[in-house]
Amino acid sequence: MGGVSDLHIHRFGPSTGQVVLALHGLTGHGKRWQALAEQHLPGVRIIAPDLRGHGRSTGVPPWDFETIVTDLVELLRAETSEPVVLLGHSFGAGAGVHLAARHPELVRGLILLDPAIGLDPEFMLQIAAAMLENPDYASVEQARFDKVETAWAEVDPRVLEDELAEHLVPTPDGRMAWRLTFAAMIAYWGQLARDFVLPPRELPTILVQAMKVDPPFVTPAFRAALSAHLGDHLTVHEFDCDHMVAQARPEQTAALVRTML
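Numbering-wise, the sequence shown is residues 51 to 311 according to the numbering used here.
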């Protein structure tokens, strides 16, 4: 681990070689990639930051895709002189598309795991409002139950326990909450309601849609636009799982990374 700028960085695999930049989803953290890296991609160099407002990284605003891209550009220029394979989940996949669109020289391939981008504003308002109403938990057990009920049911219980140990912290009033900047999370739900952008036309891209997500994060509009824009440079997979693709289907996810490398 270490730091570049104000980001906390998790590193897995060898210290040299082609870089996979792994970006977690909203409310997540970079260590969430550990099981995939160590158990299924042990020979691959993976750099996984806690995105701004998440984990142990700074929570200072602005909280938008542009600032996240700036953070990632600084990180990549410090870590490697070669373009990277970008592996992104949900919000992290959306951020990856923004990075590739603005800095195509830094990305040689995209793997988008159930990307959250260009979503319905009313849907995002509902999620943000629900988070405001229930910002924390009475106990670790309540947090565990919430995870299992919201997309983690198929995840290895050991991975879920690692998630709770890393990411759940006590609040000043004796409750438990995720290790993040709460105000940033509310702002980021709004970022997901922005119009989607598209990566460069000839960038090799893999799109994975988690078919148990309802309503889907991969909207028909984004999927159709991506297909029309990329043509033969796009490969689409439909995984029979919920939203936590890399944790629920690590073998299949690792295989996609190997094909891109």
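Every residue gets a Cβ at the ideal spot worked out from N, C-alpha and C, and that includes glycine.
Predicted model, so just to flag it, every value in this text is computed and none were measured.
- The closest CA to that of Phe272, considering only Leu242, Glu301 and Ala203, is found on Leu242.
- In the displayed model, Gln68 falls within coil according to three-state DSSP, outside both helix and strand.
- The beta carbon of Pro220 sits closer than 7 Å to those of Met226, all from its chain and outside the five residues before and after it, given in chain order.
- Uninterrupted alpha helix (DSSP H) stretches at least 4 residues long and entirely within the region 121–203 occur at 141–152, 171–183 and 190–197, given in chain order.
- Per DSSP, Val209 is one residue of the alpha helix (DSSP H) stretching across Pro207 to His217.
- For Pro300, the three-state secondary structure derived from DSSP is helix.
- CA-CA distance, Val110 to Gly103, rounds to 7 Å.
- For Arg95, the uninterrupted beta strand (DSSP E) segment begins and ends at Arg95 to Asp100.
- With a cut-off of 8 Å on Cβ pairs, the region 58–65 is in contact with the region 95–102, counting three or more such pairs.
- Using a Cβ distance threshold of 7 Å, Pro165 and Pro250 do not count as a contacting pair.
- The three-state reading of DSSP puts Glu288 in strand, counting E and B together.
- The three-state secondary structure of Met310, taken from DSSP, is helix.
- The alpha carbon of Ala143 has as its nearest neighbour, out of Leu122, Ser131, Glu132 and Pro92, the alpha carbon of Leu122.
- By the Cβ-count criterion, Thr231 is buried, with 16 or more other Cβ atoms from all chains shown falling within 10 Å of its own Cβ.
- If you check the CB distance, Pro254 and Gly159 come in under 7 Å.
- Judged by DSSP in its simplified three-state form, Pro220 adopts strand.
- Rounded to whole angstroms, the Cβ separation of Leu73 and Ala188 is 31 Å, and the two are not in contact under 8 Å.
- Taking Trp239 as the centre and dropping the five residues before and after it, the same chain places the C-beta of Met174, Ile177 and Ala178 closer than 6 Å to its C-beta, in chain order.
- By the criterion of at least three beta-carbon pairs nearer than 8 Å, the region 74–91 is not in contact with the region 116–133.
- Straight across, the Cα-Cα distance linking Val295 with Gly67 is about 25 Å.
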